[in-house]
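K.L.:
Residue numbers (the numbering used here): 22 to 452. Take this structure first; my questions come after.
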Ligand code: SF4
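Structural data, given as structure tokens:
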């Protein structure tokens with residue numbers, strides 16, 4: 022979502038004559054767009070500001086603005102502690118960024134803009150064209166969260182659940198299509214909680230699938246509890262909907278899920294996976310895990326391992342529990358660091374084995390790959406298969422934006438390597 026936000030920030034500042042640059046040694050304004058999910062996010066901000074200070078020691082000071090969830094959660098502290106920062110702008114106040122920059126230029130004053138005004142934000146962003154021209158583009162459809170998992174800062178930094186209107190999302194998609202987008206990634210902190218005037222995510226997916234030039238649709242991140250029957254059905258009906266579902270579970274233990282306030286049991290989660298497999302047996306899953314959550318015993322951890330084996334996730338994102346300031350879990354007693362590290366190690370080892378087994382199984386098989394861009398060597402093209410696996414092939418034809426059938430000839434942990442299969446249906450022609 023921060024990547025989407027950063028792109029929209031570039032679109033916004035264009036209106037006040039700022040343009041994106043990759044020359045970081047010579048800029049007029051720095052925006053540090055931050056994420057508060059991981060540990061040490063605030064330290065990273067101070068570190069980055071220190072780097073900028075050093076770079077501009079003998080030059081005119083650039084405007085420095087911190088945006089994103091760290092700005093929202095710790096804005097006042099940042100402004101007080103680091104004088105080099107001119108403004109903090111929370112994720113629901115991006116529409117005020119241009120005025121903030123103008124005010125700093127004119128009045129040279131410090132600004133804290135961290136109100137939750139998500140309606141005003143999207144009203145303003147809607148009149149600014151999305152200039153993203155990637156083959157695969159992000160589209161934020163929903164923000165915020167009402168779930169209050171005990172370890173998570175999102176409800177405090179992004180605010181309550183908010184869904185954008187179907188019309189504005191279709192308009193933005195059509196605009197992206199004009200720019201060259203062929204795959205759309207629908208984003209939300211709780212993407213399947215999307216609901217606008219009674220219309221749910223499945224409805225939006227169906228509407229977007231009617232746009233001819235959109236060939237693929239993905240969405241992330243889902244909460245198991247919001248997986249409604251109509252969304253399950255969409256995986257049967259909408260062929261453009263890709264068969265990889267990111268379905269965070271966090272733990273395989275009912276006791277820990279309860280302590281996390283995740284609002285579902287493992288049985289519910291397994292039943293949901295069964296239902297999805299029933300409507301489309303090709304569906305694969307990826308998930309997020311927190312290892313060493315307060316109160317996690319050996320048995321709880323073994324239950325997580327059991328779940329990992331049972332589902333056979335093709336991708337997992339696992340981290341040791343780290344307390345986020347201001348969340349209820351931050352006050353809970355942490356378990357021994359050494360135990361957490363040992364558990365994370367054995368979890369990741371097994372997750373890797375499962376992933377590599379899945380990937381090796383793809384060898385000599387066919388996949389449909391949508392190509393996103395050429396690589397440094399102009400004859401190499403990068404794309405993704407239906408399960409979001411990165412694929413590289415060699416081709417003299419410009420494959421950008423095209424879908425081709427590929428045979429996988431080699432695999433490693435991060436990439437599949439393939440060769441384009443000839444289209445056997447081509448008619449013969451002689452000249
Ligand atoms: S559902 Fe997701 S975003 Fe919401 S509180 Fe839980 S982890 Fe955070």
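For each residue, glycine too, the CB sits at the ideal point set by N, CA and C. Just so it is clear, the structure is predicted and the values come from calculations on it, not from any experiment.
(1) Ordered along the chain, which non-local residues of its own chain (more than five positions away) have a Cβ less than 8 Å from that of residue 440?
(2) Roughly how many whole angstroms lie between the Cα atoms of residue 73 and residue 335?
(3) Assuming residue 51 contacts residue 161 under a Cβ cut-off of 8 Å, what Cβ separation, rounded to an integer in Å, is found between them?
(4) Return the CA-CA distance between residue 103 and residue 187, expressed in angstroms with no decimal places.
(5) With a CB to CB cut of under 8 Å and the five nearest residues on each side skipped, what residues in its chain are close to residue 136?
(6) Closer than 7 Å: is that where the CB of residue 216 sits relative to any heavy atom of ligand 1?
(7) Measuring straight from C-alpha to C-alpha, what distance separates residue 380 and residue 291?
(8) Would you decide whether residue 169 is buried or exposed? Buried here means 16 or more other CB atoms lie within 10 Å of its CB.
(9) Take the Cβ of residue 318 as the centre, count every other Cβ of all protein chains shown within 10 Å, and call the residue buried at 16 or more, exposed below.
(10) Can you find a heavy atom of ligand 1 that lies under 7 Å from the Cβ of residue 244?
(11) Could you tell me which residues DSSP puts in a beta bridge with residue 217?
(12) What is the C-beta distance between residue 305 and residue 265, in whole angstroms, given that I count them as a contact (C-beta under 8 Å)?
(13) Provide the residue(s) that pair with residue 153 in DSSP beta bridges, ordered along the chain.
(14) Helix, strand or coil: how does DSSP classify residue 240 here?
(15) Does DSSP put residue 114 in a helix, a strand or coil?
(16) Can you find the residues in the same chain that come closer than 8 Å, C-beta to C-beta, to residue 453, ignoring five residues on each side of it along the sequence?
(17) Are the beta-carbon atoms belonging to residue 14 and residue 348 less than 8 Å from one another?
(18) Could you check the C-alpha separation between residue 373 and residue 218 for me, to the nearest Å?
(19) Say the cut is 7 Å; is the CB of residue 170 nearer than that to a heavy atom of ligand 1?
(20) How big is the Cα-Cα spacing for residue 159 and residue 27?
(21) What residues in its chain sit with their C-beta under 7 Å from that of residue 288, if we drop five residues either side in the sequence?
(22) Would you mind stating whether residue 178 and residue 212 have Cβ atoms separated by less than 8 Å?
(23) Tell me whether residue 210, by its Cβ, gets closer than 7 Å to a heavy atom of ligand 1.
(24) I'd like to know whether the C-beta atoms of residue 5 and residue 209 end up nearer to each other than 8 Å.
(25) From the DSSP output, read off the bridge partner residues of residue 440.
(26) Out of 153, 92 and 189, which has the shortest C-alpha to C-alpha gap to residue 140?
(27) Helix, strand or coil: which one does DSSP assign to residue 102?
(28) Under the rule that 16 or more other beta-carbon atoms within 10 Å means buried, what is residue 202, buried or exposed?
(29) Suppose you measure from the CA of residue 302 to the CA of residue 388; what does that come to, to the nearest Å?
(30) Near residue 293, what residues of its chain come up, given a Cβ to Cβ distance below 6 Å and the 5 sequence neighbours on each side ignored?
(31) Please determine whether the Cβ atom of residue 176 lies at a distance below 7 Å from any heavy atom of ligand 1.
(32) Going by C-alpha distance, which of 324, 350 and 49 is nearest residue 37?
(33) Taking DSSP as the reference, what is the three-state secondary structure of residue 405?
(34) So, with DSSP's three-state summary, where would you put residue 391?
(35) Pull up the distance between the alpha-carbon of residue 391 and that of residue 71, whole angstroms please.
P.N.:
Based on what the coordinates show:
(1) 414, 415, 427, 428 and 430
(2) 39 Å
(3) With 8 Å as the limit, residue 51 and residue 161 do not qualify as a contact, their Cβ atoms being about 23 Å apart.
(4) 41 Å
(5) Only 111, 113 and 114 meet the Cβ criterion.
(6) no
(7) 23 Å
(8) exposed
(9) exposed
(10) yes
(11) 220
(12) 5 Å
(13) Paired residue(s): none; residue 153 is not in a bridge.
(14) strand
(15) helix
(16) Not covered by the structure: residue 453. The range shown for the chain is 22 to 452.
(17) The structure shown does not extend to residue 14, since the chain spans only 22 to 452, so no value can be given for it.
(18) A straight line joining the alpha-carbon of residue 373 with that of residue 218 spans about 43 Å.
(19) yes
(20) Whole-angstrom Cα-Cα distance: 11 Å.
(21) Nothing listed; no residue qualifies.
(22) no
(23) If you check the C-beta of residue 210 against ligand 1, you find a heavy atom less than 7 Å away.
(24) A question about residue 5 goes unanswered here, because the residues of the chain that appear run from 22 up to 452.
(25) 428
(26) 189
(27) helix
(28) buried
(29) 16 Å
(30) 245 and 248
(31) yes
(32) 49
(33) strand
(34) DSSP places residue 391 in the strand class (E or B) of the three-state scheme.
(35) Taking the CA atoms as reference points, residue 391 sits about 41 Å from residue 71.
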